[in-house]
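A short worksheet on the structure shown next.
Numbering (this note's numbering), first residue to last: 168 to 318.
This is the structure we're talking about:
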């Protein structure tokens, strides 16, 4: 992935999280020496097609997914249900990648498909470290991982 694309992903993700969820992401330009954060994650994924096609997957620590759900819906923490977390992850992926495509494809030739979300127990972030389209963010809840793939 070229540096300009990576910068655009970092900027877009930070903008969406700060604006929509009052959550700050710290871009990591290199993987930490040790990643001891395996555990429960929620994966959101969306594909797009047009002149270019691809897919973006975002891996949220489950605690982060719950936190942004609380902020987005304005609910109390104990009132949030699992389906609402999955809905928020789908909407986050949709907003983030929609905003990204608006920057990468200003003529609007690419179309987003329907976002997906699923819980992932025992996910190991280290398993994605070698992905060529990986962007990492540090959050107060652990690592947020974004994998960008063009087809």
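Glycine included, C-beta positions come from ideal geometry on N, C-alpha and C.
Q) Residues bridged to residue 211 by DSSP? A) 225, 284
Q: With DSSP collapsed to three states, give me the class of residue 192.
A: Secondary structure of residue 192 (DSSP, three-state): coil.
**Q.** Option in 304, 232, 297 with minimal Cα separation from residue 174
**A.** Here the closest residue by C-alpha is 304.
(Q) My output table needs one value for residue 247: the three-state DSSP class, helix, strand or coil. (A) coil
(Q) Are the CB atoms of residue 235 and residue 255 within a distance shorter than 7 Å? (A) Yes, they are a contact pair.
**Q.** Range covered by the beta strand (DSSP E) that runs through residue 300
**A.** That residue, residue 300, is in no beta strand (DSSP E); it is neither H nor E in DSSP.
Q) If we count Cβ pairs, one from each stretch, closer than 8 Å, do we get three or more for the segment 241–251 versus the segment 213–229? A) no
**Q.** residue 268 to residue 288 span [Cα, whole Å]
**A.** 30 Å
Q. Alpha carbon to alpha carbon, what distance is there between residue 282 and residue 212?
A. 6 Å
Q | Close beta carbons around residue 184, own chain, < 6 Å, minus the five adjacent residues each side | A | 190, 192
Q. What is the DSSP secondary structure of residue 184, counted as helix, strand or coil?
A. helix
(Q) Between residue 208 and residue 194, how many whole angstroms is the CB-CB distance? I'm expecting something under 8 Å. (A) 19 Å between Cβ atoms; not a contact.
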